[in-house]
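Only one structure is covered here, and it is reproduced in the block below.
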Amino acid sequence: MAYRRREGFSSFRPSPVEVGGEYDVSVTELSRRGDAGVAKVQGFVIFVEGAKPGDNVKVRVTKVGRGYAVAQVI
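Just so you know, we're using my numbering here: the sequence shown kicks off at 35 and counts up by one.
What follows is the structure, encoded as structure tokens:
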């Protein structure tokens, strides 16, 4: 039996962050590669370059992808 995607339905939701936006975040874990901290804004994953778990930092978003963002500490 073949499954078809419903018209107008998408699991993609708009990003709560934008490129250039500044946010106060808490880093909760390391990325799988270990090179960035992972934080969330409204459940949206943000990879924070150079941060580690336990850090509370202010970040600026440099890239927004489908389901994630990349940010730098400011």
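A virtual CB, placed ideally from N, CA and C, is assigned to each residue, including glycine.
Boundaries for Glu52: no beta strand (DSSP E) harbours it, and the DSSP string shows neither H nor E there.
For Ile80, the uninterrupted beta strand (DSSP E) run begins and ends at 78–83, by DSSP. Judged by their CB atoms, Arg94 and Glu63 are not nearer to each other than the 8 Å cut-off. In the DSSP annotation of this structure, the continuous segment of the beta strand (DSSP E) that includes Val104 starts and ends at 102–107. Note on geometry: alpha-carbon atoms of Val107 and Phe81 lie some 11 Å from one another.
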